[in-house]
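**Student:**
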Amino acid sequence: MGTKAGIKDATFHWPGKRVPYYIDPSVQNLTQLIEEAIAQYHKHTVLRFVKRTDEQNYVCFLKDKG
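In case it helps, our numbering puts the sequence shown at residues 10 to 75.
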């Protein structure tokens, strides 16, 4: 049986295992691909990506340098 790996310090955990996210217009053409990747992530992890409303901390998918 596998083991879980991750950050042990709860300060860095997403509350309720929910990860708010925002898809920037710079990657609008990749929205379907991003959502398919999120669906795969949901199948294999306990985290749940949810569309951002007004959360201060969130993941942003965007096109940028780096």
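Ideal Cβ placement from N, Cα and C applies to all residues, glycine included.
Only a predicted model underlies this, so the values are computations on that prediction, with no experimental measurement involved.
Tell me the rounded alpha-carbon separation between Val68 and Glu45.
**Tutor:** 16 Å
**Student:** Considering only the alpha carbon of each residue, which of Gly75, Val28, Ile43, Thr20 lies closest to Asp63?
**Tutor:** Val28
**Student:** List the DSSP bridge partners of Val28.
**Tutor:** In the DSSP secondary-structure assignment, Val28 is bridged to Phe58.
**Student:** Which residues in the same chain as Ile43 place their Cβ atom closer than 8 Å to its Cβ, once the five residues preceding and following it in sequence are excluded?
**Tutor:** Ile32, Val36, Phe70
**Student:** Are the CB atoms of His57 and Lys17 nearer to each other than 8 Å?
**Tutor:** A quick correction: the sequence has Arg, not His, at residue 57. In this structure, Arg57 sits away from Lys17, with a CB-CB distance that is not shorter than 8 Å.
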